[in-house]
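*Asks:* A single structure is presented below for examination.
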Amino acid sequence: MPLWKVYHPSGAFSGEDKQELAEQITNVYAGVPIPRFYAVVIFEEVSKGNCFVGGVRNDKFIRFKVEQIARTLPGPIIREWWMRTLDEVIAPFVKERGFDWEISIDETPFDLWSLQGELPPPFESIAEKRWVAENKASPYTYQEKLPAGHFLLSPGVTG
Numbered sequence: 298m299p300l301w302k303v304y305h306p307s308g309a310f311s312g313e314d315k316q317e318l319a320e321q322i323t324n325v326y327a328g329v330p331i332p333r334f335y336a337v338v339i340f341e342e343v344s345k346g347n348c349f350v351g352g353v354r355n356d357k358f359i360r361f362k363v364e365q366i367a368r369t370l371p372g373p374i375i376r377e378w379w380m381r382t383l384d385e386v387i388a389p390f391v392k393e394r395g396f397d398w399e400i401s402i403d404e405t406p407f408d409l410w411s412l413q414g415e416l417p418p419p420f421e422s423i424a425e426k427r428w429v430a431e432n433k434a435s436p437y438t439y440q441e442k443l444p445a446g447h448f449l450l451s452p453g454v455t456g
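At the far end of the sequence shown sits residue 456, using our numbering, and the numbering has no gaps.
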């Protein structure tokens, strides 16, 4: 699950802005693909006079704090690409409106997460494909933990 917490000045976003930003964030994760319902976005308004950057009041600052659990980013090239991708998603809502902003991502262990009491199925598994299609968590069998599509079992290579 990506959990996005968006700390923003009061009035920075309309209801429509919040809906559109949440959809854009969800769309980028759905392209991975992960189930759309994994993406959660929470908007937290910060009233005037309650945000300080470097000890100086800043009423035009937006902080995006992201927790990613469903996937981890392997290596510096993919991490940079992902950060640039997310910056492109949020730019129309911050950069183009004159806000200062920052974004950070924490990655937490996949095995310390559940949805409606169900442990999430493995990446690209039959169960995960079903979760994507149904857009909800549901029980799955051991067999559904297998990869979706065709795979071959072959003997190991010894050297």
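All residues carry an ideal CB built from backbone N, CA and C; glycine is no exception.
Just how far apart, CA to CA, sit tyrosine 437 and glycine 446?
*Replies:* Distance between the alpha carbons of tyrosine 437 and glycine 446: 17 Å.
*Asks:* Going by alpha carbons, who is nearest to lysine 345 out of Val338, Phe361 and Ser307?
*Replies:* The option with the nearest alpha carbon to lysine 345 is Ser307.
*Asks:* Quick one: complete alpha helix (DSSP H) runs, 4+ long, within the region 304–330?
*Replies:* The region 304–330 contains these whole alpha helix (DSSP H) runs: 312–327.
*Asks:* For the beta strand (DSSP E) containing aspartate 384, list its first residue and its last residue.
*Replies:* That residue, aspartate 384, is in no beta strand (DSSP E); its alpha helix (DSSP H) goes 373–387.
*Asks:* If you run the structure through DSSP and keep just helix, strand and coil, what is glutamine 413?
*Replies:* Three-state result, glutamine 413: coil.
*Asks:* Report the rounded CA-to-CA distance for isoleucine 359 versus aspartate 403, giving the unit in angstroms.
*Replies:* Going by the C-alpha atoms only, they are around 17 Å apart.
*Asks:* Please report the distance separating the alpha-carbon of valine 343 from that of histidine 305.
*Replies:* Roughly 6 Å between the two C-alpha positions.
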